[in-house]
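S.K.: Numbering (the numbering used here), first residue to last: 569 to 775.
Note that CB positions come from ideal geometry on N, CA and C, so glycine has one too.
Structure provided below as structure tokens; questions to follow.
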């Protein structure tokens, strides 16, 4: 399953099957590949909405999905742009996905009022939940998925203890830590996170 998933850095995630390429929050992309069928943006902090890195993966037919409240403009792109709000279901192209509210509950970096999002994506016969920059909240505690990707670095998001608590509530088949080692956190956070998971949850550290 993890062969379909690549994490470039931070929360820069690439999902692939034989026909479709999805990027979430592309950031620190090394070279121009211009192979994205879909680009999902969770919020507009620089390490999640990077125009420079979007340019490295976008192609003429790419569809961009972005939180309606993001302040940075994507007007330079002539692509189809779909603006979304939290806690709604969408069908865009051939993808079914759901938005999930993503926000801090005990910090000020990602306020609930900003209406930033995580994404629950049905892809390649699995359900992927990419939480975005968030703490545990009443929305994400209710999600069920096959593959969970969530931040563990702390400071701006959940730390590894909180991330493990949420993972053990959701009980995915596969859990993958993100959002460490680039801005905050270290690989030790990822390792500590995996050590706290229930024994029936597989985990992978991908960067």
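Rounding to the nearest angstrom, what Cα-Cα distance links residue 724 and residue 602 in this structure?
M.R.: 30 angstroms
S.K.: Contact defined as beta carbons within less than 8 angstroms: I believe residue 674 pairs with residue 703. What is the distance between those atoms, to the nearest angstrom?
M.R.: 6 angstroms
S.K.: Going by beta carbon distance, what residues of the same chain come within less than 8 angstroms of residue 778, once the five residues before and after it are set aside?
M.R.: The requested residue 778 is not part of the displayed model; the chain covers only 569 to 775.
S.K.: Are the region 571-584 and the region 631-639 in contact at 8 angstroms, needing three or more beta carbon pairs?
M.R.: Put simply, the region 571-584 does not touch the region 631-639. Fewer than three CB pairs are less than 8 angstroms apart.
S.K.: On a Cα-Cα basis, can you pick out the residue from 676, 750, 730, 714 that is closest to residue 768?
M.R.: 714
S.K.: Using 10 angstroms around the beta-carbon of residue 666, count the other beta-carbons present and answer buried if the total reaches 16, otherwise exposed.
M.R.: Burial call: buried.
S.K.: So which of 638, 662, 775 has the shortest CA-CA distance to residue 610?
M.R.: 638
S.K.: In the structure shown, what three-state DSSP assignment does residue 681 receive?
M.R.: helix
S.K.: Excluding the 5 residues flanking residue 677 on each side, which residues of the same chain have their C-beta closer than 6 angstroms to its C-beta?
M.R.: 724
S.K.: Tell me whether residue 625 sits in a helix, a strand or coil according to DSSP, three-state version.
M.R.: Per DSSP, reduced to three states, the secondary structure at residue 625 is helical.
S.K.: From 648, 643, 775, pick the residue whose C-alpha is nearest to that of residue 628; which is it?
M.R.: 648
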